[in-house]
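Report on the structure given below.
Here's what the structure looks like:
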């Protein structure tokens, strides 16, 4: 049971593996401390416990000889609530901050004491440098430690932690992995809202420094929340579609011919020839439809060799792709996609509030709004709204990025939604394989979807007749020889079909109201960034 | 209701979108047939139904003007059971085979009749060649048709179909998409077991022809079953891991440095510099562990520029990757992975019997056997078993492919399992980042997993100490400059961790007892194949 001796109280705040969970832990140290902790296992007894030994020897030798249990249960930080009060528990955690209370007592110094004590047993077969055990060693921030501690209820909520009702009184602490003393960035700086604490001279960390040191930046509560939510988006996407009878497919990324005419494509050396990286899985999705898979989806990397250095372009991103045969009208496809998006939005709203709130602390934004059923506007309506707002543009002009954003604001004002579909784009601004609108040859059966005024999906009914496809490709002056395989796919019976591709990073960025797609790409790639 | 007139009976067997479902359909034709079918909509009434019109004009004009309903419900082939007997239904299906019964009556000729009749209404705004409506047109095999038909119970089971208790008596039939008359391969040939019907001169289709015409080959019941099962493997993999608290991550495929020393890596032109295609997501998985994600998985393409033209090598395949921090022993990792595999095997056994049986019809194999808990052998035990079987090899030699297969047979005989783990590989045959065995420096904390005697996973405890990693890389004569970023990832506190990568196509191939990984890759890539 926990020591009740009165001595120096050392505070350290630990972050658990769960990332967004935090609690406060203390260690009480009295004069007898070194003596009390000096009764470890003999090396012989320890090596009998070979299952444990096998690993522990490679961790940190200061642990070896001190742990008697090999199957001890480690409690997770998020499970440390008032219900566990007065229990003695084991916890593995990363040291987030450490600060002194009382007269010059710091956690680091106390751990240092333990380390010195442990060093008595450090010559039992250690294979690597015992730098952790030198007298100058200390428990640095970001080190991983095992602690044995008593859970204690507190009277005043601990505002700085996620676990506000309890604190830990540490009995023993062992270093599992020691971090280098100099960190390339401080986590508390990396999560500071822009402008916050500027007067006190507190730093924030710029994006390139964060990305250069991503392994540390990903430990911040903000990053942990973003990527756990991203994992949720993928799962909700797939679960919804599987429920709807879609089949997951795997499409090749190395392809023999550039699918969309050869612009913006990366070239790969492929043995004695050259190949390309797929700019989308579209041809393969369509082949699956022609092969009777009926409804398919895929989740995978998409490559664009565009030299665009904007907040929303990446050279490699994750595509959430859908393609499906329909019965009578391509709006069946739109309905399937919008319902999938709505299920994602609902799932995030209902199951990821902790993550959303965590991100909001650093990057405040309005909650994401959506309608059921999803708003669908026709392109001509959108142009009319823009005209009314004073924008000068032709009926068949493509939307510029600023006009897309303006339209997003106009739609939000009028319909109170952050998500909508823009249907029936002018035929001239869409790729050759887009099905023309049979009622008005200037328009097409194609659509984009928008979140907070930015495009997240582009899609269309595709031409499934080889002759019409040939005619349209000729009209676009595309070399028919290069797309022969594509056109031939439709010669042996093809059902009417449509689909679209969603950018995962954009969905996460816009749902959370962030402003740079690099924040929602774990290891972003752009024309200037290839590392880490 | 269905015509009761006695006339010529034409048979056609349709395959539904579900791929593995098949049923028989007939059409009765009497002398009055043309007259009865000549009462379509007027063009004016038809164009009022614009929602339908919009699409249908681009399908097949012979349909236009004949369908009164736009929201008619299409029944799926698999739902056509005895319960639907005597109902009049609509079905969209692909014409699989068509054959004549009675005096010279073929389906094709009868459809031809309808087509001629439809051509009366073909001049209403058709945009493309009306080749379907010429007197010589016919419903070719592989065309997609809509039929209105009565479901009729049969007295004798129809052995050649999946829907054995009912047949369809077609009232009306419309061509949705006409296939070209000459198919590059016949589906019935493509599903014929090797050697079957050889005496009668029946053909089988060789693998290259199948792969060259994949869009048709994927329509075979065998391919449909394989890839629906593959979709199931991915879902079971992810669901099991999500349940275990794993987080899905997305890792980049374009990387700045070749991760494993530069051999067998594809080079990409990246703007003004060069980059590489990732040979595995391992570095990124490990970085996520160092960034406190604790347990992660990813599903994505993996690229190997190996000039290996074997039955089990691809240059691009799908990796099911796992990485996790563990508490006390790397066997925690093995246990997580083997349990995941067992959940996959159980899920396939319980939910994919139709698919398994379908594949077995063409490629017979024994049911896949596995134990709970999974059998784990140590490398030294395996070598002893091989020695006993007369194989000459050193204790620390790597296993050759024939020896792996032999070992698989020996293990099957002795333990009656098709799945097992081989643990504690010789350190010398594993990559530099593999954690040595602390008890015996000749071995390592690493493992492979096998299905039916072939490797499907390679994994290990990874070295998480920067200094030990540096020592091991130096021992392997690896240029430290090139792996600096990798080593630096472990400098800021890294928990002990391990993982592994599973080849999706191999798992599917070996579970189903197939003999070439190209059968379980939808669009395989090897040194000689880049298309389709």
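Protein chains in written order, with my numbering: chain A, 1034 to 1565; chain E, 1034 to 1565. Glycine included, C-beta positions come from ideal geometry on N, C-alpha and C. Just so we're clear, the structure is a prediction, and the values are computed from it rather than from any experiment.
Inset, instruction - Assess, as a yes-or-no matter, whether the stretch 1462-1477 of chain A is touched by the stretch 1331-1350 of chain A under the definition of 3 or more beta carbon pairs within less than 8 Å. - result: no
Inset, instruction - For residue 1127 (chain E), decide whether its Cβ has a neighbour in chain D, counting only Cβ atoms nearer than 8 Å. - result: Absence of chain D from the displayed structure is noted, the protein chains being A and E.
Inset, instruction - Report yes if the CB atom of residue 1268 (chain E) is closer than 8 Å to the CB atom of residue 1284 (chain A), and no otherwise. - result: With a cutoff of 8 Å on beta-carbon distance, residue 1268 (chain E) and residue 1284 (chain A) are scored as not near each other.
Legend entry - Nonlocal neighbours in the same chain, by C-beta distance under 7 Å from residue 1540 (chain E), ignoring five residues either side: 1266, 1484, 1489
Inset, instruction - Give me the Cα-Cα distance between residue 1355 (chain A) and residue 1314 (chain E), rounded to the nearest whole angstrom. - result: Their backbone Cα atoms lie some 25 Å apart in a straight line.
Legend entry - First and last residue of the uninterrupted beta strand (DSSP E) at residue 1536 (chain E): 1530-1536
Inset, instruction - Kindly indicate if chain E contains any beta-carbon less than 8 Å away from that of residue 1555 (chain A). - result: yes
Legend entry - Which listed residue (A:1184, A:1426, A:1237, A:1563) has its alpha carbon closest to that of residue 1116 (chain A): A:1184
Legend entry - Extent of the continuous alpha helix (DSSP H) run through residue 1186 (chain E): Counting along the chain, residue 1186 (chain E) falls outside any alpha helix (DSSP H), though it belongs to the beta strand (DSSP E) covering 1177-1186.
Inset, instruction - Output yes or no for whether 8 Å exceeds the beta carbon distance between residue 1256 (chain A) and residue 1281 (chain E). - result: no
Inset, instruction - Using a Cβ-Cβ cut-off of less than 8 Å, give me the residues of the stretch 1328-1344 of chain A that come near chain E, in sequence order. - result: Answer set for the stretch 1328-1344 of chain A: 1332, 1333, 1334, 1336, 1338, 1340.
Legend entry - Per DSSP, the bridge partner or partners of residue 1027 (chain E): Past the boundaries of the shown model lies residue 1027 (chain E); chain E is included only from 1034 to 1565, so the question cannot be answered.
Inset, instruction - In the DSSP assignment, find the beta strand (DSSP E) that holds residue 1372 (chain A) and state where it starts and stops. - result: Residue 1372 (chain A) -> not in any beta strand (DSSP E); alpha helix (DSSP H) instead, spanning 1364-1384.
Legend entry - Close-in-space but distant-in-sequence residues of the same chain around residue 1482 (chain E) (CB under 6 Å, 5 per side omitted): These residues qualify, in order along the chain: 1454, 1489, 1490.
Inset, instruction - Quick one: using the 10 Å Cβ neighbour count with 16 as the cut-off for buried, is residue 1435 (chain A) buried or exposed? - result: exposed
Legend entry - Cα-Cα separation between residue 1210 (chain E) and residue 1359 (chain A), rounded to whole angstroms: 13 Å
Legend entry - Candidates A:1563, A:1113, A:1259, A:1199: closest to residue 1381 (chain A) by CA position: A:1259
Legend entry - Segment contact, 8 Å Cβ cut-off, at least three pairs: the stretch 1302-1314 of chain A with the stretch 1229-1243 of chain A: Between the stretch 1302-1314 of chain A and the stretch 1229-1243 of chain A there are fewer than three inter-stretch CB-CB distances shorter than 8 Å, so the stretches are not counted as touching.
Legend entry - N-terminal and C-terminal residue of the beta strand (DSSP E) that residue 1415 (chain E) is part of: Run containing residue 1415 (chain E): none in the beta strand (DSSP E); it sits in the alpha helix (DSSP H), 1412-1421.
Legend entry - Residue-level contact to chain A via CB, residue 1525 (chain E), 8 Å cutoff: yes
Legend entry - Contact with chain A by residue 1180 (chain E), beta-carbon distance below 8 Å: no
Legend entry - Proximity to residue 1544 (chain E) [Cα-Cα], best of E:1334, E:1399, E:1415, E:1218: The shortest C-alpha separation from residue 1544 (chain E) is found at E:1399.
Legend entry - Validate contact between the stretch 1403-1421 of chain A and the stretch 1492-1500 of chain A using beta carbons, cut 8 Å, 3 pairs: no
Legend entry - Chain-ordered chain A contacts of residue 1275 (chain E) [CB-CB under 8 Å]: Simply 1268.
Inset, instruction - Look at the Cβ atom of residue 1439 (chain E), then the Cβ atom of residue 1422 (chain E), and state whether they are nearer than 8 Å. - result: yes
Inset, instruction - Assuming residue 987 (chain A) and residue 1244 (chain A) form a contact by the criterion Cβ under 8 Å, report the distance between their Cβ atoms to the nearest whole angstrom. - result: Any property of residue 987 (chain A) remains undetermined from this structure, which presents chain A solely from 1034 to 1565.
Inset, instruction - Measure how close the beta-carbons of residue 1299 (chain E) and residue 1560 (chain A) come, nearest whole angstrom, since I'm counting them as under 8 Å. - result: About 20 Å separates the two Cβ atoms, so there is no contact after all.
Inset, instruction - Say whether chain E places a C-beta atom closer than 8 Å to the C-beta of residue 1325 (chain A). - result: Judged by the 8 Å Cβ criterion, residue 1325 (chain A) is in contact with chain E.
Legend entry - Cutoff 8 Å; reference residue 1278 (chain E); Cβ partners in own chain excluding five residues on either side: Result list for residue 1278 (chain E): 1327, 1328, in chain order.
Inset, instruction - Could you spell out the range, first to last residue, of the alpha helix (DSSP H) harbouring residue 1434 (chain A)? - result: 1434-1448
Legend entry - Whole-angstrom distance between residue 1308 (chain A) and residue 1201 (chain A), CA atom to CA atom: Computed Cα separation, rounded: 58 Å.
Inset, instruction - Determine, using beta carbons only, whether residue 1244 (chain A) comes closer than 8 Å to chain E. - result: no
Legend entry - Coil, strand or helix - residue 1270 (chain A) by DSSP: helix
Inset, instruction - Check the Cβ of residue 1522 (chain A) against every Cβ in chain E and list those closer than 7 Å, keeping chain order. - result: 1248
Inset, instruction - Check whether the Cβ of residue 1214 (chain A) lies closer than 8 Å to any Cβ atom in chain E. - result: no
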